[in-house]
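**Q** Can you read through this structure? Questions will come right after.
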Amino acid sequence: DAAGRHAETALQLCVQVKYPAGAATALAVLGGLAARAGQTGPSLSYCREGLATAVPTMDQASLVALLELAAWVMTRRTDPGPAGQLLGIASGLRPPARAAAETRFADEARAAVAATLGTEELAALVRRGRELGLDGVAALLAGLDPADAA
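Residue numbers (the working numbering): 86 to 235.
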């Protein structure tokens, strides 16, 4: 609860001072908290808002966190294909070394896609995502209703 309150405050402050990279990071935190609480619909909404904020700034850390979180949420849906592509987009932006806590959503999403579709299909989806790049984010998220992300 305290983390959520702090992230909401950070989001408000970042919006006030017109700091979109900070706002995107706060949205990623809020989305991650919602996801861990089992609230995948709100989590996906935070991802959409955060990506809309982060893409113009090209803030690498926020983009990667939001893309990987959105991929994790999508693995909870019936079609894991978009999740694999989002992981591919994120892998094209991800710095080589990150703490294990920062990769938890990506690791879980990758495992879920591989378990459902197989490792070869996961690799193909990741390649496709890397080819799409950030231009593909809007298309992958466009048809998804956060209410369906359960």
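Glycine is no exception: its CB is placed at the ideal position from the N, C-alpha and C atoms.
#1: Is it buried or exposed for R90, if we count other Cβ within 10 angstroms and need 16 for buried?
#2: Classify E205 as buried or exposed, calling it buried when 16 or more other Cβ atoms lie within 10 Å of its own Cβ.
#3: Assuming L219 and V140 are in contact, meaning their beta carbons sit under 8 Å apart, how far apart are those beta carbons, in whole angstroms?
#4: What's the C-alpha gap between E153 and L118?
#5: Relative to the alpha-carbon of L151, which residue among R133, V100, A224 has its alpha-carbon at the smallest distance?
#6: Determine, using beta carbons only, whether W157 and E187 come nearer to each other than 7 Å.
#7: Look up D144 in the DSSP assignment and say whether it is helix, strand or coil.
#8: Go ahead and label Q97 buried or exposed: buried means 16 or more other beta carbons lie within 10 angstroms of its beta carbon, across all protein chains shown.
#9: Using 10 angstroms around the beta-carbon of M159, count the other beta-carbons present and answer buried if the total reaches 16, otherwise exposed.
#10: Go ahead and pull the three-state DSSP assignment for R161.
#11: Express the C-alpha separation of R162 and G221 in angstroms, rounding to a whole number.
**A** In this structure, then:
#1: exposed
#2: exposed
#3: 6 Å
#4: 14 Å
#5: R133
#6: no
#7: coil
#8: exposed
#9: buried
#10: coil
#11: 19 Å
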